[in-house]
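Residue numbers (the working numbering): 99 to 357.
Yeah, the Cβ is synthetic: ideal placement off N, Cα and C, and Gly gets one too.
Following: one structure in structure tokens, then a few remarks.
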Ligand code: COA
């Protein structure tokens, strides 16, 4: 169905795999559009409770935006590349109501790290290496990296990573809080699935409201506390809330309708 993206669905989990291993899964225009379509489809599918994003092969999650595609761009084209990419993929993923886990299975550089940072949280295999090497190419991160990296690791660490164009290994990324867990490559997808199963036991409607509320803290001109109050209130009108509270009072496990 897609040229550079594989999707599979199993028990509430949709796994999206970037599949361009000969180019270390670099994000060209086509791949960005296909990823948008795959995320959009998964998010609209009522059966998808969690999305896992990973890269194919053992070497790379994504080695960045495809450098060969933008090497001759003008100022305007450069600006449009960033704007379109942010809208289609990076902001789009960050704002999905379905939880997205990035399983970083190797190099996550430039746009690759930016994609992983757009996911709601990240886990990594022990061979993973992460960085924003754009200034080594004479450009800066354009898919949200200058904003999301400081949010995740703090301003000083982000400044160092961006200015040196260096890579951090999986343990350093763990230490920085850039990823939540580090395991071997064989254990990576099983761990992502285990975390997804835990998430799936809970109300998907409440999770969507929580994502929106957490994200509000990082939006300009939005008061996150007010967003939280609004989202909190709206939960009281859902079938999931009725079921969750009733199940608790009846001392049974909740069976959320997801509405
Ligand atoms: N854009 C386009 N092609 C890329 C790419 C990218 N970001 N990253 C890797 N590739 C391609 C290489 O050109 C090569 O293609 P080829 O076999 O047709 O020549 C193939 O993927 C394999 O990469 P290679 O560089 O040979 O692998 P390596 O093991 O020697 O090095 C990296 C791995 C990740 C260190 C190296 O590929 C790299 O530095 N990539 C660019 C990272 C970057 O700057 N990303 C930010 C972009 S904004």
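Item, Value
"Other residues of its chain near residue 246: CB distance less than 6 Å, five sequence neighbours each side excluded", "215"
"Where residue 234 falls, given that 16 or more other Cβ within 10 Å makes a residue buried", "exposed"
"Where residue 142 falls, given that 16 or more other Cβ within 10 Å makes a residue buried", "exposed"
"9 Å Cβ cutoff met for residue 338 and residue 357", "yes"
"Three-state secondary structure assigned by DSSP to residue 357", "coil"
"Limits of the unbroken beta strand (DSSP E) element including residue 266", "265-267"
"Nonlocal neighbours in the same chain, by C-beta distance under 7 Å from residue 255, ignoring five residues either side", "274"
"Residue 246: first and last residue of the uninterrupted alpha helix (DSSP H) it sits in", "243-251"
"Pairwise C-alpha distance: residue 299 and residue 349", "16 Å"
"CA-to-CA distance, residue 128 to residue 167, given in whole angstroms", "11 Å"
"Closest by C-alpha distance to residue 280, when choosing among 237, 204, 327, 346", "204"
"Residue 228, DSSP secondary structure in three states", "strand"
"C-alpha gap between residue 301 and residue 272, whole angstroms", "28 Å"
"Cutoff 8 Å; reference residue 332; Cβ partners in own chain excluding five residues on either side", "307"
"Burial state of residue 218, where buried means 16 or more other Cβ atoms lie within 10 Å", "buried"
"Spatial neighbours of residue 264 in its chain, beta-carbon cut-off 7 Å, leaving aside the 5 residues before and after", "229"
"Heavy atom of the ligand COA within 8 Å of residue 165 beta-carbon", "yes"
"Integer Cβ distance of residue 126 from residue 164, believed to fall under 8 Å", "4 Å"
"Rounded Cβ spacing between residue 179 and residue 223 (contact assumed at less than 8 Å)", "Not quite, the Cβ-Cβ distance comes to about 29 Å (not below 8 Å), so this is no contact."
"Check: residue 284 C-beta below 8 Å from any heavy atom of the ligand COA", "no"
"Assumed close pair residue 212, residue 242 - CB separation to whole angstroms, cut-off 8 Å", "5 Å"
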